[in-house]
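Using mature numbering (1 follows the signal peptide of the UniProt record, and there is no 0), the letters of the sequence shown correspond one by one to residues -19 to -1, 1 to 164.
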Amino acid sequence: MGLLYFSALLTLLFVYSRADTPANCTYEDIRGVWTFYEGERSGSSNVNCSTFKGPVTYISKVKLDFPDVAVDDVGNKGYWTLIYNQGFEVVINYRKYFAFSKFKSSSGGNTTSYCDTVLPGWSHDVLGKNWACYNAQKVAPSVEVKSHQNPMKFFRVQAPIWLSVSGELWISVAGYKGLLIDN
Ligand SMILES: *[C@@H]1O[C@H](CO)[C@@H](O)[C@H](O)[C@H]1NC(C)=O
Ligand SMILES: *[C@@H]1O[C@H](CO)[C@@H](O)[C@H](O)[C@H]1NC(C)=O
Ligand SMILES: *[C@@H]1O[C@H](CO)[C@@H](O)[C@H](O)[C@H]1NC(C)=O
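Rendered as structure tokens:
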């Protein structure tokens, strides 16, 4: 029996992927004086801060300075670190604070960074206990709102399939060929 093959370009899969589109805040955007608005320090490590708005129990002013010095309004000294361009961590007065810089993304891939404020973050003592949520607002110097367009990523997958009348099904995906069914 002669084999009759036909080839079908089965599908052209288009996968549009838009990863998290985080803020783009630089060291100079973050450096300066901040006010921290912290809630009750009674949570556990699974405290959910995503919608934290208060009540605020502790208010402190922290100056984040060169190169990584943090000083609060009562003279405690600590340090701070930028986490990529997405957020920052401060360790001061036996507590550790982390928050992501605030950003908003449109469906078109336009991300706007608000580097003088944060999405609600987490704090805990240096032993990893007594968790709290906090918000932070930069006092000075001021930072401009900025936006950038995220690059779009496209992936194409071509999957031609050859069928034979003898019941063989050959599949070729991205160069790989194998016999799947053979009667
Ligand atoms: C982030 O900001 C820096 C400095 O303004 C700029 O050089 C860089 O291209 C920006 N990155 C993105 C993804 O927009
Ligand atoms: C935290 O709470 C928000 C709003 O209630 C919810 O959408 C989110 O899934 C929660 N996150 C976790 C990790 O539980
Ligand atoms: C992104 O959105 C902001 C705020 O809506 C707007 O001002 C800006 O022009 C937009 N940028 C781009 C590259 O589309």
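By construction, the Cβ of each residue, glycine as well, lies at the ideal position given by its N, Cα and C atoms. As the structure is a computational prediction, the values presented were derived from the model and not from experiment.
query                                                                                                          : result
Own chain partners of Gly35 with C-beta closer than 7 Å, once the 5 adjacent residues on each side are dropped : Gly20
Residues that Arg22 bridges to, as DSSP identifies them                                                        : Looking at the DSSP assignment, Arg22 forms no beta bridge with any residue, so it has no partner.
Contact under 7 Å by Cβ, Val52 with Ala80                                                                      : no
beta-carbon Thr32 near ligand 2 non-hydrogen atom, thresh 6 Å                                                  : yes
Short Cβ contact (7 Å threshold) for Val126 with Val14                                                         : no
Exposed unless 16 or more other CB atoms sit within 10 angstroms - verdict on Lys85                            : exposed
Beta carbon of Asn29 nearer than 7 Å to that of His129                                                         : no
Lining residues of ligand 1 - beta-carbon closer than 7 Å to any non-hydrogen atom, in sequence order          : Asn5, Thr7, Asn66 and His129
Cβ-based neighbour list, Ile64, same chain, cut-off 7 Å, excluding 5 preceding and 5 following                 : Glu70
Where Glu9 sits in the DSSP three-state scheme                                                                 : helix
For Asn111 and Tyr18, believed in contact at Cβ under 8 Å, the rounded distance                                : So it is not a contact: roughly 17 Å between Cβ atoms.
For Ser31, three-class secondary structure by DSSP                                                             : coil
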